[in-house]
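Here the structure comes first, spelled out in structure tokens, and everything after it is commentary.
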Amino acid sequence: MERWQGKLAVVTGASGGIGAACARALVVAGLRVVGLARREAKLQELKLSLPPALQPQFIPRRCDVSKEDQVVAAIDWTERMLGGADVLLNNAGITRETELVAPDNTEKIRQVIDTNVMAVLWCTREVFRGMMKRGNEGHILVVNSIAGQQVLNFIDVLPSFNIYPATKFAITAMTETYRQEFQLHKNKVRITGICPGAVNTNIFPEEIHFYVKHMARLEPANIADAVLYALRTPPHVQIHEITLKPMGEIF
Numbered sequence: 001m002e003r004w005q006g007k008l009a010v011v012t013g014a015s016g017g018i019g020a021a022c023a024r025a026l027v028v029a030g031l032r033v034v035g036l037a038r039r040e041a042k043l044q045e046l047k048l049s050l051p052p053a054l055q056p057q058f059i060p061r062r063c064d065v066s067k068e069d070q071v072v073a074a075i076d077w078t079e080r081m082l083g084g085a086d087v088l089l090n091n092a093g094i095t096r097e098t099e100l101v102a103p104d105n106t107e108k109i110r111q112v113i114d115t116n117v118m119a120v121l122w123c124t125r126e127v128f129r130g131m132m133k134r135g136n137e138g139h140i141l142v143v144n145s146i147a148g149q150q151v152l153n154f155i156d157v158l159p160s161f162n163i164y165p166a167t168k169f170a171i172t173a174m175t176e177t178y179r180q181e182f183q184l185h186k187n188k189v190r191i192t193g194i195c196p197g198a199v200n201t202n203i204f205p206e207e208i209h210f211y212v213k214h215m216a217r218l219e220p221a222n223i224a225d226a227v228l229y230a231l232r233t234p235p236h237v238q239i240h241e242i243t244l245k246p247m248g249e250i251f
């Protein structure tokens, strides 16, 4: 991780779960980290939980990444005030309890699409512009899911995941498209998709969490380890996708 020492990472959804674990791991590894999330108080809690010497390396900033204007403002701020991001971890993601055929589901479906898909597009677009301008090595990572590899079919066992798998399939396609576009622009930016199975987080609504809490699950720190692994690889190595499953996973 020597070449990343002192570099700046932006982590979305950094207030808890995978995002918080990854932000912590990146700070410990020697990077400065801007943590973006809606829950600013949780970001401050994460900062205070770090060793005192490392606390200045974590910069909390409130940002709802499902809102394009807030993303643009946040990334512009990192460019002006901190020199711009060398690493972007698109981690923010949500689920909502509904069905594709349910009445009056539009708002819930839009929330999932805007957070899981559009936020990745907006964050990556804005950060990539800065990376291109500076011309240095950069790395963009996206926390995807095994739901982006297969539609989880557990009729009569789990509630419907409705639009969630579709958003993750979109991320799978976008990751490959980014790889091709980055080559087109002849830069030093890599793209990596991280596809975990079930993880011990609060991403699932209570209605779904009731069903999954007894399943085999990864810990958020396991995903942070995968992020660090991808970053450690030499600049000429393209770690395109990492899939992690807990032992005994039923998916």
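Numbering (our numbering), first residue to last: 1 to 251. In this text, a Cβ means the ideal position worked out from N, Cα and C, and glycines have one as well.
In the structure shown, Phe169 adopts helical secondary structure according to DSSP, grouped into three states.
In the same chain as Val71, and ignoring 5 residues on each side of it, the C-beta atoms closer than 6 angstroms to its own belong to Val65, Trp122, Cys123, in chain order. At a Cβ-Cβ threshold of 8 angstroms, Ile171 and Val120 count as neighbours. Sorting Pro52, Leu43, Ala53, Arg80 by C-alpha distance to the C-alpha of Leu8 places Arg80 at the top. In the DSSP annotation of this structure, Ala29 is not part of any alpha helix (DSSP H), being labelled neither H nor E. With a minimum length of 4 residues, the unbroken runs of alpha helix (DSSP H) contained wholly in the segment 89-113 fall at 106-113.
Here the segment 222-234 does not lie against the segment 46-57, with fewer than 3 beta-carbon pairs under 8 angstroms apart. Going by DSSP, Glu2 is part of no beta strand (DSSP E) at all; its letter is neither H nor E.
In the same chain as Asp114, and ignoring 5 residues on each side of it, the C-beta atoms closer than 6 angstroms to its own belong to Ser66, in chain order. The beta carbons of Arg32 and Gly6 sit about 7 angstroms from each other, so the pair counts as a contact at 8 angstroms.
Beta-bridge partners of Val120 (DSSP): none assigned. Out of Cys195, Cys22, Val27, the CA that lies nearest to the CA of Phe251 is found in Cys195.
Checking the DSSP bridge columns, you'll see Phe58 partnered with Val33. In the DSSP assignment, Cys63 forms no beta bridge with any residue. As the crow flies, the alpha-carbon of Ile18 is around 22 angstroms from that of Ala173. Looking at Arg96, Lys42, Val117, the one whose alpha-carbon comes closest to that of Arg61 is Lys42. With contact defined as three or more Cβ pairs closer than 8 angstroms, the segment 140-154 and the segment 98-107 are not in contact. With a 10 Å radius around the Cβ and a threshold of 16 neighbouring Cβ atoms, Lys133 comes out exposed.
Here Thr243 carries a strand assignment [DSSP, helix/strand/coil]. Cβ-Cβ distances below 6 angstroms link Leu82 to Leu8 in the same chain, with the five nearest sequence neighbours on each side left out; the list follows chain order. Following the DSSP letters along the chain, one finds Pro220 inside the alpha helix (DSSP H) bounded by residues 220-232.
Boundaries of the alpha helix (DSSP H) around Arg80: 68-82.
Under DSSP, the beta-bridge partners assigned to Ala9 are Val33, Val87.
If the five residues before and after Cys63 are omitted, its C-beta is found closer than 6 angstroms to the C-beta atoms of Leu36, Gln70, Ala74, all from its own chain and listed in chain order. Setting aside the 5 residues that flank it on each side, Ile59 is surrounded in the same chain by Arg32, Val33, Val34, Gly35, Leu82, each with a C-beta closer than 8 angstroms to its C-beta; the list follows chain order.
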